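Under our numbering, the first residue of the sequence shown is numbered 69, with each subsequent residue one higher.
Worksheet: one structure, shown below.
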Amino acid sequence: MEAFPVINLCVVIVNYRTAGFVTDCLSSLLPELEGESARVTVVDNCSEDGSIEIIEKWLAVHDTHQQVAVMKADRNGGFAAGNNLAIKAISARYYLLLNSDTVIREGAVRRLLETAGRFPDAGLLSPRLEWPDGTGQESCFRFHTPGSELIAAARTRFVERMLSRYVVPLPVQAHVARPQWTSFACVLIKGEVFRQVGLLDEGYFMYFEDVEFCHRARRGGWTIVHDPAARVVHLRGGSSPVKQRAQQKRRLPPYFYQSRTRLFFQLYGWWGLTAANLLWWLGRMISKMRQMLGRSDKAAIDRQWLDIWTNWRTPGRPYSHPARG
Numbered sequence: 069m070e071a072f073p074v075i076n077l078c079v080v081i082v083n084y085r086t087a088g089f090v091t092d093c094l095s096s097l098l099p100e101l102e103g104e105s106a107r108v109t110v111v112d113n114c115s116e117d118g119s120i121e122i123i124e125k126w127l128a129v130h131d132t133h134q135q136v137a138v139m140k141a142d143r144n145g146g147f148a149a150g151n152n153l154a155i156k157a158i159s160a161r162y163y164l165l166l167n168s169d170t171v172i173r174e175g176a177v178r179r180l181l182e183t184a185g186r187f188p189d190a191g192l193l194s195p196r197l198e199w200p201d202g203t204g205q206e207s208c209f210r211f212h213t214p215g216s217e218l219i220a221a222a223r224t225r226f227v228e229r230m231l232s233r234y235v236v237p238l239p240v241q242a243h244v245a246r247p248q249w250t251s252f253a254c255v256l257i258k259g260e261v262f263r264q265v266g267l268l269d270e271g272y273f274m275y276f277e278d279v280e281f282c283h284r285a286r287r288g289g290w291t292i293v294h295d296p297a298a299r300v301v302h303l304r305g306g307s308s309p310v311k312q313r314a315q316q317k318r319r320l321p322p323y324f325y326q327s328r329t330r331l332f333f334q335l336y337g338w339w340g341l342t343a344a345n346l347l348w349w350l351g352r353m354i355s356k357m358r359q360m361l362g363r364s365d366k367a368a369i370d371r372q373w374l375d376i377w378t379n380w381r382t383p384g385r386p387y388s389h390p391a392r393g
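Here it is as structure tokens:
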């Protein structure tokens, strides 16, 4: 990135076979950028499904100010790699990272920029994420810890109350808050943060890269600010199958567990990763005991007992994705 930003705001949308979501997102976004020194970059992560043609055709009709550019990646390197392509190519004061499955409510972008000006120590700022009917979504969190893995696997109110300070999701916020980390479905990041602490970690293909980046930014002296007055619709699961598969208790993709392993290793070292896995097993035993007593089993995602050990022997190894597709 150049030493001196030439535009105020760079919006980055990473696409992988979600062209319809991208055009809907752009429809809501572009009116919000009127009067702003802003540029939008859609990074296509080697979709090879006609996404680029669909998006470019839409832009030919709707992008009258030619504010949007499409950048073609030569491989599907994941969420972090896709965003980094645009961040490296464009120098800006602020970067707004948007999931393709988001819709911007009126005034949300301006509100985030104004909030950034009011909180000079805030390196990252996030809006309220909500469903189309206005119902709020969890988007503010505590850091994952070995203790939080026990809670997640046990899914028992007693355990959650006993270890409440380790519960990862925070309630939907009604006022400005300072969480430990926030969802990157929509996040405004100051360019100075990237110049200080580096780009997103491309060792993560998808999931947990937002946690790691927030952790790194906080270590660099920045805070995360959440402003629920800025509102963005998030059609959760539209850009990834993981949430839907988790709800259905179906086996999750390998990249989810590889990212999980990398996060715990980076935050807590090999022993912290091992403790997280063992405490997950303890939580699973608690859940199974509840099942034996006739209670419903709420924690059984297929093969999770095995998959949490993915890359356990080589936890720092970055995810390796095929060069194409």
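Where a beta carbon is used, it is the ideal one built from N, C-alpha and C, also for glycine.
Fair warning: this is a prediction, and the values are worked out from it, not measured in the lab.
query	result
If you reduce the DSSP assignment to three classes, tell me which class tyrosine 275 lands in.	coil
Can the beta-carbon of arginine 246 be found closer than 8 Å to that of valine 265?	no
Touching or not, the stretch 227 to 242 and the stretch 113 to 130, by the rule of three or more beta carbon pairs under 8 Å?	no
Helix or strand or just coil, what does DSSP make of cysteine 282?	helix
Can you give me the Cβ contacts of alanine 344 inside the same chain, cut-off strictly under 7 Å, excluding the 5 residues immediately before and after it?	Pro214, Glu217 and Phe332
Count the CB pairs spanning the stretch 319 to 337 and the stretch 370 to 388 that are closer than 8 Å, and state whether there are at least three.	yes
Using the Cα positions of glycine 259 and arginine 179, report the straight-line distance between them to the nearest angstrom.	18 Å
Does DSSP put lysine 140 in a helix, in a strand, or in coil?	strand
Grab the span of the alpha helix (DSSP H) containing valine 236 for me, first residue to last.	Valine 236 -> no alpha helix (DSSP H), and no H or E assigned at all.
Where does asparagine 167 sit, in a helix, a strand or coil, going by DSSP?	coil
Suppose contacts are defined by Cβ-Cβ distances below 8 Å. Is phenylalanine 89 in contact with serine 168 by that definition?	yes
Answer with buried or exposed for proline 99, where buried requires no fewer than 16 other C-beta atoms within 10 angstroms of its C-beta.	exposed
Answer yes or no: do valine 244 and isoleucine 219 have a C-beta to C-beta separation smaller than 8 Å?	no
Buried or exposed: histidine 302, going by 16 or more other Cβ atoms within 10 Å of its Cβ?	buried
Alpha carbon to alpha carbon, how far is alanine 184 from lysine 317?	39 Å
Which residues mark the beginning and the end of the alpha helix (DSSP H) in which alanine 176 is found?	176 to 186
Can you tell me whether lysine 156 is helix, strand or coil according to DSSP?	helix
Inspect the CB distances between the stretch 286 to 301 and the stretch 268 to 278 and report whether three or more fall short of 8 Å.	no
Return the CA-CA distance between lysine 125 and isoleucine 172, expressed in angstroms with no decimal places.	22 Å
Where DSSP assigns a beta bridge to isoleucine 81, which residues make up the other side?	Val110 and Leu166
Find the nearest neighbour of aspartate 131 within the set His294, Glu228, Thr250 and Asp92, judged by alpha-carbon distance.	Asp92
Applying the criterion that 16 or more other CB atoms from any shown protein chain within 10 Å of the CB defines a buried residue, is histidine 133 buried or exposed?	exposed
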